[in-house]
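Let me begin by presenting the structure, written as structure tokens, before commenting on it.
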Amino acid sequence: MPRIDIDWLSDHVEVPAGLTAEQLAADLVRVGLEEEEIHRPDVTGPIVVGRVLTLEKNEQKNGKLINYCRVDVGAHNDAPGEGKEPSELASRGIICGAHNFVEGDYVVVSLPGAVLPGDFRIAARKTYGHVSDGMICSKAELGLGEDHDGIIVLASSPEEAAERGIPAVGEDVLDYLGLAGEVLEINVTPDRGYCFAMRGVAREFAHSTGARFTDLGLEENLSAPLPTPTEDGFLVEVDDAAPIHGVPGCDRFVTRIVRGIKPQAASPAWMRERLLAAGMRSISLAVDVTNYVMLDLGQPLHAYDLDTLVAPIVVRRANDGETLVTLDGVERALGGDDLLITDSEGGRGARVIGLAGTMGGLDTEITDATTNVLIEAAHFDPVSVARMARKHKLPSEASKRFERGVDPRVAGVAAQRVAELLVEFGGGRIDEANSDYDQTTLPELLTFDIFEVARLTGLDLGRERIVEILEQIGCAVSGDDALLVTPPTWRPDLTGPAHLVEEVARLVGYDEIPSWLPAAPAGAGLRPAQRHRRDISRALAEAGWTEVLSYPFVSAEAFAKQGIADDDDRRLAIRLANPLQEEAPYMRTSLLDSLLETARMNVARGNPTVAVFEAGVVTRPTGIALAANPGVGKRPDPEALEALLASIPPQPHHVAGVAIPAVTQAAADLPAQTWNWRDAVEAVKTAARTIDLTLGVANAEYAPFHPGRCAELAVGGAVIGYAGELDPRVCKAFELPARTVAFEFDLDALIEARGGDPIAVAPVFTHPVAKEDFALVVDEQVTAAEVEKVLAEAAGEILEEIRLFDVYTGDQIDEGKKSLAFALRFRGDHTLPAEEISQVRNRVIKAAKKAFDAQLRM
Numbered sequence: 115m116p117r118i119d120i121d122w123l124s125d126h127v128e129v130p131a132g133l134t135a136e137q138l139a140a141d142l143v144r145v146g147l148e149e150e151e152i153h154r155p156d157v158t159g160p161i162v163v164g165r166v167l168t169l170e171k172n173e174q175k176n177g178k179l180i181n182y183c184r185v186d187v188g189a190h191n192d193a194p195g196e197g198k199e200p201s202e203l204a205s206r207g208i209i210c211g212a213h214n215f216v217e218g219d220y221v222v223v224s225l226p227g228a229v230l231p232g233d234f235r236i237a238a239r240k241t242y243g244h245v246s247d248g249m250i251c252s253k254a255e256l257g258l259g260e261d262h263d264g265i266i267v268l269a270s271s272p273e274e275a276a277e278r279g280i281p282a283v284g285e286d287v288l289d290y291l292g293l294a295g296e297v298l299e300i301n302v303t304p305d306r307g308y309c310f311a312m313r314g315v316a317r318e319f320a321h322s323t324g325a326r327f328t329d330l331g332l333e334e335n336l337s338a339p340l341p342t343p344t345e346d347g348f349l350v351e352v353d354d355a356a357p358i359h360g361v362p363g364c365d366r367f368v369t370r371i372v373r374g375i376k377p378q379a380a381s382p383a384w385m386r387e388r389l390l391a392a393g394m395r396s397i398s399l400a401v402d403v404t405n406y407v408m409l410d411l412g413q414p415l416h417a418y419d420l421d422t423l424v425a426p427i428v429v430r431r432a433n434d435g436e437t438l439v440t441l442d443g444v445e446r447a448l449g450g451d452d453l454l455i456t457d458s459e460g461g462r463g464a465r466v467i468g469l470a471g472t473m474g475g476l477d478t479e480i481t482d483a484t485t486n487v488l489i490e491a492a493h494f495d496p497v498s499v500a501r502m503a504r505k506h507k508l509p510s511e512a513s514k515r516f517e518r519g520v521d522p523r524v525a526g527v528a529a530q531r532v533a534e535l536l537v538e539f540g541g542g543r544i545d546e547a548n549s550d551y552d553q554t555t556l557p558e559l560l561t562f563d564i565f566e567v568a569r570l571t572g573l574d575l576g577r578e579r580i581v582e583i584l585e586q587i588g589c590a591v592s593g594d595d596a597l598l599v600t601p602p603t604w605r606p607d608l609t610g611p612a613h614l615v616e617e618v619a620r621l622v623g624y625d626e627i628p629s630w631l632p633a634a635p636a637g638a639g640l641r642p643a644q645r646h647r648r649d650i651s652r653a654l655a656e657a658g659w660t661e662v663l664s665y666p667f668v669s670a671e672a673f674a675k676q677g678i679a680d681d682d683d684r685r686l687a688i689r690l691a692n693p694l695q696e697e698a699p700y701m702r703t704s705l706l707d708s709l710l711e712t713a714r715m716n717v718a719r720g721n722p723t724v725a726v727f728e729a730g731v732v733t734r735p736t737g738i739a740l741a742a743n744p745g746v747g748k749r750p751d752p753e754a755l756e757a758l759l760a761s762i763p764p765q766p767h768h769v770a771g772v773a774i775p776a777v778t779q780a781a782a783d784l785p786a787q788t789w790n791w792r793d794a795v796e797a798v799k800t801a802a803r804t805i806d807l808t809l810g811v812a813n814a815e816y817a818p819f820h821p822g823r824c825a826e827l828a829v830g831g832a833v834i835g836y837a838g839e840l841d842p843r844v845c846k847a848f849e850l851p852a853r854t855v856a857f858e859f860d861l862d863a864l865i866e867a868r869g870g871d872p873i874a875v876a877p878v879f880t881h882p883v884a885k886e887d888f889a890l891v892v893d894e895q896v897t898a899a900e901v902e903k904v905l906a907e908a909a910g911e912i913l914e915e916i917r918l919f920d921v922y923t924g925d926q927i928d929e930g931k932k933s934l935a936f937a938l939r940f941r942g943d944h945t946l947p948a949e950e951i952s953q954v955r956n957r958v959i960k961a962a963k964k965a966f967d968a969q970l971r972m
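With the sequence shown counted from 1, adding 114 to any position gets you the numbering used here.
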């Protein structure tokens, strides 16, 4: 996030005296730039300029050589002959272990009471036989860099001190070092990329406060006109035969040449201080200048060692197999849509010298021997740069700006500014030869109905006020009620009338938008499917299951741990191109893929009773077709949309649950309660009953369930889910207790089976209930569910409840047979006479005899 130094900001806009970071944050938040953090110096004084008067070298017994110095610190000196260390001169005695300074040098002195980074407090102390009454500081000790080897030498003579503008001896030096002021860090949304520059933030400060703003990125505000491109300028070509989404990778490329720079020329102190305040370290003059202008105007720049280049420079897409060693020393494999900067060493466009808008190459970097520099200021396609930066994991300062949109018209101004700074502080001269490849166009003209402001925001503004605001943000405006608006080149986000309305509301002030409560439109409320989903989740929660949410991203190992066969459709999963976690790149195909891991984490963290369920979507890509990317430049045609829809995998709603055996823990003479496979089956039945459905149950084998303790649940002949006890191997793989139970069913299929008819409420009868028990002897392979279904159909409408209460095999039952005992309850709209109950009884027995050759056990 950009850091705003108030002194730097004042180069672009008038700021009131004494402006604080807090007030600046308040001013900027009114126009949509939120405060991220205020950075305050972690260095406090007294830290002053000192001049070394005497330097006495003392070798210690351990062989270490130290310096005992008398340092003039102005008003902070000890009186002559008094104080902690006698001296003929007014000064302070300080011990210093560095040796890169001599008598007469101007240095930075931290006096007792000062606090340095890391809460390092300075105090007078006796060491090496002397009292050290302060400390002569290095860059590292002040947090200005990592150089511990030598102290900071500000100047070597009074003349040099005056030339560099160093404060007088004894005066505070924090301002000079850039350590005194506060720096505001702001949060910039992706559509406000122009605020990654001091130029853009200053403009917003002017919008908020009305302060006078001077746009230093416009040619008309330069002290001298920009040079005209020459025929002998460094030739630049763009070869982009296959641009992404129809937009060329580069539409502007400006070059300037500076010759005869002093290789060892240092960046001025004020520039280093501003870079440090912005969160950048000083590297070298050429690099510092390009970084400084980028932060100032928003145009990323790059400096090449001119003597290592071969004209022409060619901007092109990468060929498979090409590589580049970038400035960070990493060799990167190139290909695909990578947009490259190349020169013509070995042939036209043969050598790669940089990733466009992202990072330069090592071959052409500026070194300590560089005297001739080629400056690049270009405008690259945001999509190309964003894709490349993410592909190579290079989120550079340049790419962060290009992917948000850079002003294509500022390139010439920025390149000229870099050239002038290099000449001013590095010597040399600007070569008259320069080039400007320019294929940019003005932003698209927008038609804007001024009444859209009132319609979308409720603000009642006149035409004059709306035009004033649009011109204030840089738009060219003409027309009456239907305005013709040309957005400024630094605002690529302004592409429609709604964007202009947002700008009007932002500058007027969001607090000015009237608040009113809209009338709630009449409607049917939730759709039936939505209501059913909510009712089912509530019913499961009331039954003792706890609802959770889990990430829908899983690993391939999740399928293997569940024992899912290789040819199972659940193994076919969508793999994300850019997953949140490399170890979990697949979209889950069932809820148990992720819910089992949630249960494992609960058990691992000591939860003694775990019964969790989740309602969510799964991704089942079976049968999808590939579709070409239609691009983002225009609405796809119907055929492309149809192909895109066919490429989207179905995402049905499922419900799944996992419960370890313990429901409650034993306490106070009460035994522990436990879940078993029946509870898992009952959970799915509860979901079905909630929407007035009855499920059929049958034995099944289905991973990850126990082969002999798994129930298949169906409605209307269609299987909708499975429930039962988990396979012991699955329990072990997920570190769950033995006999853990689970269920999963397709909620969409269940609701579809329900249909659109309203749920019928059963009538409440007050007449007495009639009870009949049946013990039927059937073959062992006949399931209780099959018998129950036949009995219920035979009993008819007066059947209120049917319940299996006993299963018996033993001496009184023939081998290969079993006895199933059912309790039936009957109730009607009248008192049921014995004759009617007898008829129903006979009908039930005959139906069981016909279906299963069942015998009534007496």
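Heads up, the beta-carbon is just placed ideally off N, CA and C, and yes, glycines get one too.
Remember, it's a predicted structure, so these values are computed and weren't measured experimentally.
Runs of 4 residues minimum, wholly inside the segment 798-850: which ones carry the alpha helix (DSSP H) assignment?
For the segment 798-850, whole alpha helix (DSSP H) runs of length 4 or above, ordered along the chain, are 842-847.
Quick check: the segment 345-359 against the segment 242-257, are there 3 or more CB pairs under 8 Å?
Flag = no, the segment 345-359 and the segment 242-257 do not touch.
In the DSSP assignment, what residue or residues form a beta bridge with Phe940?
The partner list for Phe940 (beta bridge, DSSP) reads Ala884, Leu913.
Does the Cβ of Ala874 have 16 or more other Cβ atoms within 10 Å, making it buried, or fewer, making it exposed?
So Ala874 ends up on the exposed side.
Nearest to Ile959 by CA position, among His493, Arg702, Gly835, Ala906, is which residue?
The shortest C-alpha separation from Ile959 is found at Ala906.
Taking DSSP as the reference, what is the three-state secondary structure of Thr983?
Given that the chain is displayed from residue 115 to residue 972, the structure contains no residue 983 and the question cannot be resolved.
Within 10 Å of its beta-carbon, does Met972 have 16 or more other beta-carbons around it, so buried, or fewer, so exposed?
That one is exposed.
Would DSSP call Ala975 helix, strand or coil?
In the structure displayed, the chain extends from 115 to 972; residue 975 sits before or after that span and is not available.
Looking only at its chain, what residues have a beta carbon closer than 6 Å to the beta carbon of Thr800, apart from the 5 residues adjacent to it on each side?
Hits under 6 Å: Ala653, Ala657.
Classify Phe565: buried if its beta carbon has 16 or more other beta carbons within 10 angstroms, exposed otherwise.
So Phe565 counts as exposed.
Which of the three DSSP states, helix, strand or coil, is assigned to Met972?
In this structure, Met972 counts as coil in the three-state DSSP scheme.
Specify whether the segment 442-460 and the segment 520-531 touch according to this definition: at least 3 beta carbon pairs, one from each stretch, less than 8 Å apart.
Verdict: no, contact absent.
Compare the beta carbon distance of Gly542 and Val372 with 8 Å and say whether it is the shorter of the two.
Yes, these two residues count as a Cβ contact at 8 Å.
Work out the CA separation of Val892 and Asp920 for me, nearest whole Å.
About 13 Å.
For the segment 869-883 against the segment 897-905, are there 3 or more C-beta pairs whose distance is under 8 Å?
With the cut-off at 8 Å, the segment 869-883 and the segment 897-905 do not touch.
Tell me whether Cys183 sits in a helix, a strand or coil according to DSSP, three-state version.
Here Cys183 sits in strand by DSSP.
Looking only at DSSP bridge pairs, what is Cys210 linked to?
In DSSP, Cys210 forms a bridge with Asn181.
Restricting to runs no shorter than 4 residues, where is the alpha helix (DSSP H) found entirely within the segment 616-662?
Runs of the alpha helix (DSSP H) inside the segment 616-662: 642-656.
Is the beta carbon of Glu617 closer than 8 Å to that of Ile583?
Going by C-beta atoms, Ile583 is nearer than 8 Å to Glu617.
Output the distance between the C-alpha atoms of Ala590 and Thr600, rounded to the nearest integer angstrom.
Using only the alpha carbons, I get a separation of about 5 Å.
Helix, strand or coil, according to DSSP, for Cys309 in the structure here?
In the structure shown, Cys309 sits in a helix (DSSP, three-state: H, G or I).
Determine the direct distance from the alpha carbon of Thr422 to that of Glu277, and round the result to whole angstroms.
Computed Cα separation, rounded: 36 Å.
Taking the alpha carbon of Ile220 as the reference point, which residue from Thr660, Val245, Asn743, Glu273 has its own alpha carbon closest?
The residue asked about is misnamed: residue 220 is Tyr in this sequence, not Ile. For the residues Thr660, Val245, Asn743, Glu273, the minimum Cα distance to Tyr220 belongs to Glu273.
Evaluate contact between the segment 921-930 and the segment 851-868, counting only Cβ atoms and requiring at least three cross-stretch pairs below 8 Å.
Touching, no, given that fewer than three Cβ pairs across the two stretches are closer than 8 Å.
For the alpha helix (DSSP H) holding Gly324, just list the boundary residues, first then last.
Neither: Gly324 is in no alpha helix (DSSP H) and is coded neither H nor E.
In angstroms, rounded to a whole number, what distance separates the CA positions of Tyr242 and Arg184?
Distance between the alpha carbons of Tyr242 and Arg184: 15 Å.
Kindly identify the DSSP beta-bridge partner or partners of Leu169.
Beta-bridge pairing links Leu169 to Cys183.
Taking C-alpha atoms, which residue in Leu535, Leu631, Leu560 lies nearest to Gly572?
The option with the nearest alpha carbon to Gly572 is Leu631.
Looking at C-alpha atoms only, which residue of His493, Leu409, Pro341 is the closest neighbour of Asp545?
Taking only the C-alpha atoms, the option nearest Asp545 is Pro341.
Let's test the definition: count the other Cβ atoms within 10 Å of the Cβ of Leu535 and tell me whether it reaches 16, buried, or not, exposed.
Burial call: buried.
Between Arg641 and Ser651, what straight-line distance do the alpha-carbon atoms span, to the nearest angstrom?
Near 16 Å, if we compare the C-alpha coordinates of Ser651 and Arg641.
Start and end of the beta strand (DSSP E) containing Gly730?
Segment 725-731, the beta strand (DSSP E) holding Gly730.
Can you look up Val157 in the DSSP assignment and give me helix, strand or coil?
Reduced to three states, the DSSP call for Val157 is coil.
Please go through the segment 449-509 and give each complete alpha helix (DSSP H) segment of 4 or more residues, from N-terminal end onward.
As far as the segment 449-509 is concerned, its whole alpha helix (DSSP H) runs of at least 4 residues are 496-505.
Assign Tyr406 to buried or exposed, taking buried as 16 or more other Cβ atoms, counted over all protein chains shown, within 10 Å of its Cβ.
Flag for Tyr406 reads buried.
Just to confirm, is the Cβ distance from Phe940 to Val883 under 8 Å?
Contact: yes.
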